[in-house]
Amino acid sequence: MNSSPLWNADLDALRFTAGNGGNCLVHRRAFRAVLRKSPLMEDCIAFYEVNQATFQGAATKKIEEHCIGDGQNFHLNSRQIRRGLAMTGLAEILHDQTLDGQLGA
C-alpha cells in the first residue's frame with residue numbers, strides 16, 4: 000500500500016491511500032483546526048509525515064466505524080485527527096507547542 004501523501008490542489012486537500020485501498024482526504028481546513036494556524040501545503044504534508052501512523056489509525060477507525068467499503072474514498076475531519084493524536088498522547092503536546100508559538104504564526 001502506498002501511503003505517500005499527495006496534495007490535491009483542486010480540493011485543497013492532502014490525499015493518502017487508506018487501508019481499504021481508497022483515498023483518504025484531509026482538507027487544509029482540518030489541518031488549520033488541528034495546528035491552530037493557516038498552514039501552507041508544505042506544513043500539511045510535513046505534519047502528516049511526522050504523524051503518519053496517527054492518520055492511518057484514524058482512517059482505519061473511520062473505515063471500521065462507518066463500514067466504508069474496499070476502494071471507497073472518504074475524508075477525515077479535525078475531530079477524527081485530534082482523537083487519533085489524543086490516543087498517542089500528542090494532542091496536548093501539539094496544543095502546548097501552538098500556545099508557545101513553536102509551530103509558527
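In numbering that gives the first Met the number 0, the protein residues as written are 0 to 104. Just so you know, even glycine gets a beta-carbon here, dropped at the ideal spot from N, CA and C. Just so it is clear, the structure is predicted and the values come from calculations on it, not from any experiment.
Point to revise | Where Leu75 falls: helix, strand or coil (DSSP) | key: Three-state DSSP puts Leu75 in coil, outside helix and strand.
Check your understanding: Of the choices Leu5, Arg14 and Gln79, whose alpha-carbon is the least far from that of Val33?
Key -> Minimum Cα distance to Val33 is reached at Gln79.
Exercise for review: Starting from the Cα of His17, find the closest Cα among Glu63, Leu84 and Arg82 and give me that residue.
Suggested key: The question names His, yet the displayed sequence has Ala at residue 17. Of the candidates Glu63, Leu84 and Arg82, the one whose C-alpha sits nearest the C-alpha of Ala17 is Glu63.
Check your understanding: What residue from Gly20, Gln51 and Phe46 has the CA that sits closest to Arg27's CA?
Key -> If you compare the alpha carbons of Gly20, Gln51 and Phe46 with that of Arg27, the shortest gap goes to Phe46.
Review point. Looking only at its own chain, which residues have a Cβ that is under 6 Å from the Cβ of Thr53, when we skip the five neighbours before and after it?
Key: Apart from the 5 residues on each side of it in sequence, Thr53 sits with its Cβ closer than 6 Å to the Cβ of Gly83, Leu84 and Thr87 in its chain, given in chain order.
Practice item. Return the CA-CA distance between Cys66 and Gly21, expressed in angstroms with no decimal places. Key: Whole-angstrom Cα-Cα distance: 13 Å.
Practice item. At 4 residues or longer, and completely inside the segment 40 to 87: list those alpha helix (DSSP H) runs for me, N to C. Key: As far as the segment 40 to 87 is concerned, its whole alpha helix (DSSP H) runs of at least 4 residues are 40 to 49, 51 to 64 and 77 to 86.
Check your understanding: Helix, strand or coil: which one does DSSP assign to Gly18?
Key -> DSSP places Gly18 in coil when its eight states are reduced to three.
Practice item. With Leu34 as the anchor, note down where its alpha helix (DSSP H) starts and where it stops. Key: Run containing Leu34: Arg27 to Leu34, per the alpha helix (DSSP H) assignment.
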